[in-house]
Structures are given as C-alpha cells and as structure tokens.
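Residue numbers (our numbering): 3 to 159.
Written out as structure tokens, the structure reads:
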C-alpha cells in the first residue's frame, strides 16, 4: 500500500501518530466501506458497485480510484478481456475482520428487536459467531482492559 514518506508524516493525515485515524483517512467514509463490502460479496464491475450501492457515478469513480491507489483494490482484465474489473488485494481482504465487527455491531445496535436484516453465514450456512477480542492469556479485552502505549508522539485511541 502506498505510504507517505518514511520520516516526516504527511500533512494529509488527520492524526499522523494514530493508526485508527490513518485507517479512517484511507477507508473511513461510508462509500469506501460499502464498495469494499460489495467487493467481498463478489462485485467486480463499476456497474455492479453502482447498482448495489446506489452511489453517484462521480463519487464511485473517486472511491474506486482512491481504493486502487491505496492498494485495497486492484484492476485486472475481466474474463471477457473487454473490460477491467476490480478485485480485492490482500490489503483489501485484511479489512474482512473490520467489516465483520462493524456488521455485528450493526446487528446489535442499528435495528429494532425483530427487525429483519441480512446475516453473514459461513460456507456451511451457519451464522458467523460474534467476534470477541482476547488477550494473549485468553482473557476478554475491552475498553477497560486495554490502553494505548505511546511510541513517540502523544497517545491516541
């Protein structure tokens, strides 16, 4: 993935010392994450992304360029050889746990009880279990059991 110069942080970063802020600078807007979500669900063409998301063409064009420039998506020839398609790179595939956790948070907090919503299932059709982070000792981790270790600049969460 392209990164700013290795010494001095790029002024384009919202908060250059914080990994959360840098990740949000790369993929933190609504449309980028929905494009990545749909790529994970098999969308490959501009038309498919537009149909699935309802995004305006100019916004979709900008998001696809940005995701490609940052190594999250790559362009390759479609099987027909007549058009280019977008595919997730390994960097893009690494966003799976992020989208999974965001999906599970949404299932718990963005719907009324009993309201219908899509569900992510594994290759056997079973619902994907909730993601729960654990420490090296297996103990559950949460906001009360973790902290950010300062590595040179101010500590950020």
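C-beta: ideal position from N, C-alpha, C; glycine also.
Keep in mind the model is a prediction, meaning the values are calculated, not measured.
Validate contact between the segment 26–39 and the segment 57–66 using beta carbons, cut 8 angstroms, 3 pairs: yes
Does the Cβ of residue 65 have 16 or more other Cβ atoms within 10 Å, making it buried, or fewer, making it exposed? buried
To the nearest angstrom, how far is it from the Cα of residue 123 to the Cα of residue 109? 13 angstroms
Below 6 angstroms CB to CB, which residues in the same chain sit around residue 86 once its five sequence neighbours on both sides are set aside? 77
From the DSSP secondary-structure annotation, give me the bridge partner or partners of residue 142. 136
Determine the DSSP secondary structure at residue 7, reduced to helix, strand or coil. Only weak support exists for where residue 7 lies, its pLDDT of 37 falling under 50; the value from the coordinates is given anyway. If DSSP states are grouped into helix, strand and coil, residue 7 belongs with coil.
Contact check, residue 91 vs residue 74 under 8 angstroms by CB: the rounded distance? Yes, residue 91 and residue 74 are in contact; Cβ-Cβ is about 6 angstroms, under 8 angstroms.
What do you get for residue 132, buried or exposed, if any count of 16 or more other CB atoms within 10 angstroms of its CB means buried? exposed
At the level of alpha carbons, what is the spacing between residue 170 and residue 105? It is not possible to answer for residue 170, since the shown part of the chain is limited to 3 through 159.
Determine the direct distance from the alpha carbon of residue 72 to that of residue 19, and round the result to whole angstroms. Looking at the two C-alpha atoms, the distance is approximately 19 angstroms.
Tell me which same chain residues have a C-beta within less than 6 angstroms of the C-beta of residue 28, skipping the five on either side of it? 72
Per DSSP, what kind of secondary structure is residue 29 in: helix, strand or coil? helix
Counting along the chain, where does the beta strand (DSSP E) carrying residue 90 start and finish? 86–90
Does residue 6 pass the burial test, meaning 16 or more other C-beta atoms within 10 Å, or should it be called exposed? Note on residue 6: pLDDT 40, under 50, position unreliable in the model; the coordinate value appears next. Looking at its Cβ environment, which holds fewer than 16 other Cβ atoms inside 10 Å, residue 6 is exposed.
Among 68, 128, 129 and 145, which one has its Cα closest to the Cα of residue 136? Comparing Cα-Cα distances from residue 136 to each of 68, 128, 129 and 145, the minimum goes to 145.
Quick one: is residue 97 buried, meaning 16 or more other Cβ sit within 10 Å of its Cβ, or exposed? buried
List, from N- to C-terminal side, the beta strand (DSSP E) runs of 3 residues or more that fit wholly inside the segment 51–119. Listed in chain order, the complete beta strand (DSSP E) runs (minimum 3 residues) inside the segment 51–119 are 75–79 and 86–90.
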